[in-house]
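Numbering (the numbering used here), first residue to last: 15 to 127.
Below is one structure, written out as structure tokens, with a few remarks after it.
This is the structure:
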């Protein structure tokens, strides 16, 4: 469990430092493909509509959603990742056996390292 936490924090730090345009382009393509393929399933459409209402309090048109995906920039991702690692408050939720799990102090220490 601690290894996964360390790996996640390290990857967020890497994203803040050297996220490439190629990685962003692949992520954009994957998100759009998943969105469009999800329209084929009634349950996926219902989940998408519920998620949009939950997030935006409305259902944006598909073209608006794709435009938002296309608007994501490498600099924006780097800034967001840097904020998550260095500025945003930490939270830790554990489920199941938690013996040996890192605590919040350990999480914050790893973020600061």
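The beta carbon of each residue, even a glycine, is placed where N, CA and C say it ideally should be.
Just so you know, these numbers come straight off a predicted model, no measurement behind them.
{"Check": "Local Cβ density within 10 Å of residue 29, reported as buried at 16 or more and exposed below that", "Outcome": "buried"}
{"Check": "For residue 34, the three-state DSSP class (helix, strand or coil)", "Outcome": "coil"}
{"Check": "Residue 105 in three-state terms, based on DSSP", "Outcome": "coil"}
{"Check": "Residue 99 burial status per 10 Å Cβ neighbour count (16 or more: buried)", "Outcome": "buried"}
{"Check": "With 16 other Cβ atoms within 10 Å as the buried cut-off, status of residue 33", "Outcome": "buried"}
{"Check": "At least three beta-carbon pairs within less than 8 Å, the region 38-54 to the region 16-30", "Outcome": "no"}
{"Check": "As assigned by DSSP and simplified to three states, the class of residue 56", "Outcome": "helix"}
{"Check": "Buried versus exposed, by CB contacts within 10 Å (16 or more), residue 116", "Outcome": "buried"}
{"Check": "Nonlocal neighbours in the same chain, by C-beta distance under 7 Å from residue 62, ignoring five residues either side", "Outcome": "52"}
{"Check": "Within 8 Å, strictly: CB atoms of residue 46 and residue 83", "Outcome": "yes"}
{"Check": "Euclidean distance between Cα positions of residue 21 and residue 96", "Outcome": "15 Å"}
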